[in-house]
Structures are given as structure tokens and as C-alpha cells.
Amino acid sequence: MDAPAIRPAMFEMGERLAQAGYFVILPDMFWRAGPYDPPDIKAARAGDPEAVAIFQKLRGSTGAGRQMTTSRRAWTTCRNSPGPRPTKSGSPATAWAAASRCAPRTFPTRIAAMASFHGGNMDTDDEKSPHRLADRIQAKVLVAGADQDSGFDEAQKDRLTATLKAAGVDAEVSIWEGCRHGWVPTDMAVYNQDGAERHWRELVALFDGVLK
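Each residue of the sequence shown is one higher than the one before, counting from 142 in my numbering.
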């Protein structure tokens with residue numbers, strides 16, 4: 142799930158990954174806020190008070206700790222349900238923080254592949270910056286940033302590359318030209334078809350190479 146919440150575009154992405162041969166789980170990180178309709182991100186970004194309030198309520202219902210709890214429950218549900226019972230998992234996260242915090246602290250030996258597309262603020266001076274958990278990651282990592290994203294510039298890319306290398310993480314970190322933050326989901330205003338298709342090729346190749 143990305144910031145705009147569970148919505149048709151997320152189910153489309155889950156189905157596409159399932160068609161590539163994977164058992165897919167799509168946890169709702171905003172479930173604690175109660176029943177909701179996906180927020181109007183365009184209106185929120187434009188400053189519409191009602192849209193901003195809804196979005197803030199949803200965002201305020203989660204956090205790194207709660208995301209770990211939800212991810213752990215999703216994994217347990219998968220392990221205990223009829224059908225596939227995977228021993229290794231991949232995390233195609235659109236937010237690096239969710240992947241990096243959940244994987245090392247909650248089940249580092251189970252997450253074998255992690256991918257972050259158009260994530261930001263991954264290697265900063267913040268004490269909660271995800272890069273500080275690099276030495277706990279055992280997965281193979283793919284990070285692809287947008288070249289039109291102030292939250293992940295070339296300097297940060299270079300720092301993250303060095304951090305992961307120093308931690309011994311098998312990682313590829315790059316910035317894709319012509320893309321903006323949020324380019325993958327089809328319902329985003331910045332959706333980039335070429336970039337999204339490249340995302341699918343590289344994500345599936347990562348998963349196939351590690352998980353299959």
C-alpha cells in the first residue's frame with residue numbers, strides 16, 4: 142500500500158504480481174482509522190481542508206511500530222491459511238521505511254527480496270532514517286528513485302549506496318530519468334507508463350531471481 146490508501150489501483154497491482162506467479166498480500170495500514178473511502182490526494186495537495194483532514198486522520202492512524210505489527214499479522218495469516226505457505230517473502234514497497242523497518246526488526250530471515258520505487262528520505266540525518274537499519278537487512282535490495290523528487294536526490298542516492306555496501310547488503314540503487322515521485326500506480330497524476338513497465342520488469346526479475 143502507498144500513501145493514498147487501498148484503492149482499485151492497488152488491487153490491479155496485486156493482481157499483476159499474482160499473475161507473475163506469486164501469492165500476494167495487501168495489508169491495509171490504515172485499518173485502525175475505521176471504514177474509509179480512499180482520500181482525494183489531488184484535493185489534499187491543493188489544500189482542500191476536508192481532504193487534508195481525511196488524509197491526516199488516516200496517516201495519523203499508523204506509524205513504523207504499527208506497520209510492523211500489521212505486517213507481522215499479515216505474515217501469520219498467510220502462514221496459517223490454507224494454500225501457499227511461503228518460507229521466504231518479497232516486499233515490493235513503494236515506501237522504503239515500511240520495508241526496511243518491517244524486514245529487519247520483525248522477520249529479517251523471512252524477507253529475501255525488497256524493492257522500493259519512488260521512495261524518499263531514505264538516508265538522512267533523522268534519527269529514525271531507514272538507512273540506520275541497513276546492518277539488519279538480509280534481503281537483496283532494489284531501490285529506484287525519481288529524478289524529479291527532492292526527497293531522493295543524487296547525493297542521497299550516493300549515501301544510501303555507500304551505507305548498504307558498508308553493511309554488506311546486496312543492493313542496487315539508482316535514479317530513473319523522466320520519472321516523478323509516485324510514477325508507478327496507474328491512478329496517480331504523475332503516472333509514467335514507460336517507467337511503470339520498467340518497474341514491473343525489474344521487480345519481477347528480482348523476485349524470480351531470489352524467490353524462485
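Each residue gets a CB set at the ideal place from its N, CA and C atoms; glycine is no exception.
Here the structure is a predicted model, which is why all the values come from computation and not from measurement.
{"Item": "Give me the Cα-Cα distance between S241 and T203, rounded to the nearest whole angstrom.", "Value": "For S241, the predicted structure reports a pLDDT of 47, less than 50, and the residue's modelled location is therefore unreliable. A value from the coordinates is still provided. Distance between the alpha carbons of S241 and T203 is about 16 Å."}
{"Item": "Run through the segment 295 to 353 for me and flag every whole beta strand (DSSP E) of 3 or more residues, listed as ranges in chain order.", "Value": "312 to 321"}
{"Item": "Just the C-alpha distance for T235 and A187, rounded to the nearest angstrom, thanks.", "Value": "Interpretation of T235 is limited by its pLDDT of 46, a score under 50 that renders its predicted location unreliable; the figure taken from the coordinates is listed afterwards. Cα to Cα, T235 sits roughly 22 Å from A187."}
{"Item": "Compare the beta carbon distance of K281 and V345 with 9 Å and say whether it is the shorter of the two.", "Value": "no"}
{"Item": "Since V331 and H322 should fall inside the 8 Å C-beta cutoff, what is the C-beta to C-beta distance between them, to a whole number of angstroms?", "Value": "7 Å"}
{"Item": "With H, G and I counted as helix, E and B as strand and the rest as coil, what does DSSP make of F201?", "Value": "The question names Phe, but residue 201 in the sequence shown is Gly. DSSP places G201 in helix when its eight states are reduced to three."}
{"Item": "To the nearest angstrom, report how far apart S212 and S230 are at their CA atoms.", "Value": "12 Å"}
{"Item": "Given 8 Å as the limit, is there contact between the segment 264 to 284 and the segment 299 to 313, that is, 3 or more CB pairs closer than that?", "Value": "yes"}
{"Item": "Answer with buried or exposed for F164, where buried requires no fewer than 16 other C-beta atoms within 10 angstroms of its C-beta.", "Value": "exposed"}
{"Item": "With DSSP as the reference, identify every bridge partner of E283, one or two as the case may be.", "Value": "A small correction: the amino acid at residue 283 is Leu; Glu does not occupy that position in the sequence shown. A256, E313."}
{"Item": "Whole angstroms is fine: what's the gap from I195's alpha carbon to P145's?", "Value": "11 Å"}
{"Item": "Excluding the 5 residues preceding and the 5 following D169 in the sequence, name in chain order all residues of the same chain whose CB lies nearer than 7 Å to its CB.", "Value": "M142, I147"}
{"Item": "Leaving out the 5 sequence neighbours to the left and right, which residues in its chain are closer than 6 Å to F348 when beta-carbon positions are compared?", "Value": "G231, A254"}
{"Item": "Do you know how far the Cα of P180 is from the Cα of K198?", "Value": "10 Å"}
{"Item": "What number of angstroms, rounded off, separates the C-alpha of M329 from the C-alpha of D290?", "Value": "15 Å"}
{"Item": "Would you please state the rounded distance, in angstroms, between the beta carbons of L283 and E338? I believe it to be under 8 Å.", "Value": "Going by Cβ atoms, the distance from L283 to E338 rounds to 16 Å, so no, they are not a contact pair."}
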